[in-house]
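Position 369 (the sequence shown) corresponds to 369 in our numbering; numbering is contiguous.
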Amino acid sequence: MRVLWISIMPLPQASNALGQRGTVLGGWMESAANELVKQPNLHLAIASTYGGKELLCRRVGEIDYYFLPCANPSVYDAGLHQYWKAIKQKFQPDLVHIHGTEFPLGLAYVDACGAENVVVSIQGLVSECAKHYHDGMTKWQIIKNVTLHDLAVGTILHRKRDFERRAVYEVSLLKQVNDVIGRTAWDKDRTGVINPERNYHFCNETLRTPFYSLLWKYADCRKHTLFAIGQGNYPLKGTHQLLKALPGIIKRFPDTQLRVAGSDIMPRDWKHRMAYSNYLNHLIKKNHLEGHVTFLGAIPAEQMCRELLSCNAYVLPSTIENSSNSLGEAQLAGVPCVAARVGGIPSLVLDKEHGRLYDFFDTEELADLICRTFEESSHFDNTTMRQMAKDRHDPEQNCAQLLKIYKEVANAE
């Protein structure tokens, strides 16, 4: 079987082939690709974009890579049609797997080549992200924190409108395709609303290899240390809600430390600071959190492993999520988890057994649950949670399920 993946994000080895620096994101896709290429009689190709001027083809290891020239992947580009037709003619895929609906790259393929034997994986849903883009922030809080950089590249409100524009492309894609792959009750429901006729296939994701062997132990962690993933340029990851909850935690545990990983959370250069990072800085000063918060920047998998093993609890305060891979990695390690009850997260966390869930807007509840987690983590038995995560993210089982889906879609009339 000849399978073509379409992804906005090239795998690290593909970036290396172009002499570009790879990203720390998307490691789960690399893990899934590594499992697929082990299968006999399966030929994998992966198409993504780059900032060049012509279509490039490279073979790295067992995978063929196609790089489509695209100046701005968030904007629909009908000029890509010619490249999609050329790739289809050259590679002749039996099945096309579009990873994610957040960008119009996959829609351009469907518009150019049709939706036959195409399946779309649901990662996040940009149409839902647009609705919850700055939950927990008022428009006035956004406006009064606008920076010169925002005026040059666009404010939070502009970026929300960008999500709304991309949501139109997402809905168009989901209405055209016959098959989608999801993994939560939430994405099954949401895609069914958009396209009631679509065939829904369930398949969990394979995560990055280093996290499967981790084992969190209370005796080895830094007590009262929280670890979270954030983003400095937009509020979807909910770091602001966590900062609002932090004073209540510090009141009970004065030595509390929050460590936040993620790209450009707090740029040192004021010229590159954006409204959201400005707002985070305002919350830190207002609540006297200096000395309690550390922004780590983007970190590789190896450092992420160290952070998970050394923290006392992992926190997911996102405004909206489908299924968070960082939450899955924390569960694999056995770290006590506290997460917002949003989107597909209830499909991943059995409240009180595999972690604690709270209402996103209730920062007092968030603070209380974190304090209770600190108090009870010394006798937290993570055996059940780790086994649940290992079963959910089992590489061999997930690969077998994905192959089963591929065969069903490729043979569909």
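The beta-carbon is built from N, C-alpha and C at its ideal position, and this holds for glycine as well.
- By the 16-neighbour rule on beta-carbons within 10 angstroms, Ser127 is buried.
- One Cα belongs to Leu348, the other to Gly61, and the distance between them is close to 34 Å.
- Under DSSP, Ile63 forms a beta bridge with Leu44 and Val60.
- In the DSSP assignment, Gly154 is bridged to no other residue.
- Under DSSP, Gly182 takes part in a beta bridge, and its partners are Phe202.
- For Arg356, the enclosing beta strand (DSSP E) stretches over residues Arg356 to Tyr358.
- A distance below 8 Å separates the beta carbons of Phe360 and Val342.
- Note on the segment 241-284: whole beta strand (DSSP E) runs with a minimum of 3 residues are 257-261, in chain order.
- Fewer than three pairs of CB atoms, one per stretch, sit closer than 8 Å, so the segment 150-169 makes no contact with the segment 190-197.
- In the structure shown, Ile98 adopts extended strand secondary structure according to DSSP, grouped into three states.
- DSSP links Trp5 through a beta bridge to Ile46 and His97.
- Going by DSSP, Gly297 is part of no alpha helix (DSSP H) but of the beta strand (DSSP E) stretching over Val293 to Gly297.
- CA-CA distance, Lys244 to Leu157, rounds to 22 Å.
- For Thr225, no alpha helix (DSSP H) encloses it; the enclosing beta strand (DSSP E) starts and ends at Thr225 to Ile229.
- For Val110, the enclosing alpha helix (DSSP H) starts and ends at Leu105 to Cys113.
- Taking a 10 Å sphere around the C-beta of Thr256, we find 16 or more other C-beta atoms and assign the residue as buried.
- Contact between the segment 43-61 and the segment 218-229 is absent: fewer than three C-beta pairs spanning the two stretches fall below 8 Å.
- By the neighbour-count criterion, in which a residue is buried when 16 or more other Cβ atoms sit within 10 angstroms of its Cβ, Phe202 is exposed.
- Annotation: Gln92 to Arg2 spans about 7 Å, alpha carbon to alpha carbon.
- In this structure, the CA atom of Ser121 is about 28 Å from the CA atom of Leu308.
- Of the candidates Phe67, Ala115 and Met9, Ala115 places its Cα closest to the Cα of Leu173.
- In this chain, the beta strand (DSSP E) harbouring Cys337 covers Cys337 to Ala340.
- Annotated three-state conformation of Ala71 is coil, per DSSP.
- Here Asn411 is exposed, its C-beta having fewer than 16 other C-beta atoms within 10 Å.
- Within its own chain, the residues whose Cβ lies closer than 6 Å to the Cβ of Pro395, once the five positions on either side in sequence are excluded, are Glu35 and Thr206, listed in chain order.
- In the structure shown, Tyr314 adopts extended strand secondary structure according to DSSP, grouped into three states.
- Per the coordinates, the alpha-carbon of His134 lies some 13 Å from the alpha-carbon of Glu164.
- Of the candidates Ala333, Glu329 and Ser318, Ser318 places its Cα closest to the Cα of Gly344.
- A distance below 7 Å between beta-carbons, with the five flanking residues on each side excluded, links Gln176 to the following residues of its chain, in chain order: Val110 and Ala115.
- The C-beta separation of Leu242 from Ala333 comes to about 20 Å, leaving the pair out of contact by the 8 Å criterion.
- In the three-state scheme derived from DSSP, where H, G and I count as helix and E and B as strand, Val37 is classed as coil.
- DSSP links Ser121 through a beta bridge to His99 and Ile181.
- Within the same chain, and ignoring the five residues on either side of Ile8 in sequence, the residues whose Cβ sits closer than 6 Å to its Cβ are Pro73, Phe103 and Leu105.
- The residue from Ile143, Leu258 and Arg386 with its alpha-carbon nearest to that of Gly291 is Leu258.
- Boundaries for Gln92: no alpha helix (DSSP H) harbours it, and the DSSP string shows neither H nor E there.
- Inter-segment contact for the segment 128-147 and the segment 268-288 is present: three or more beta-carbon pairs are separated by less than 8 Å.
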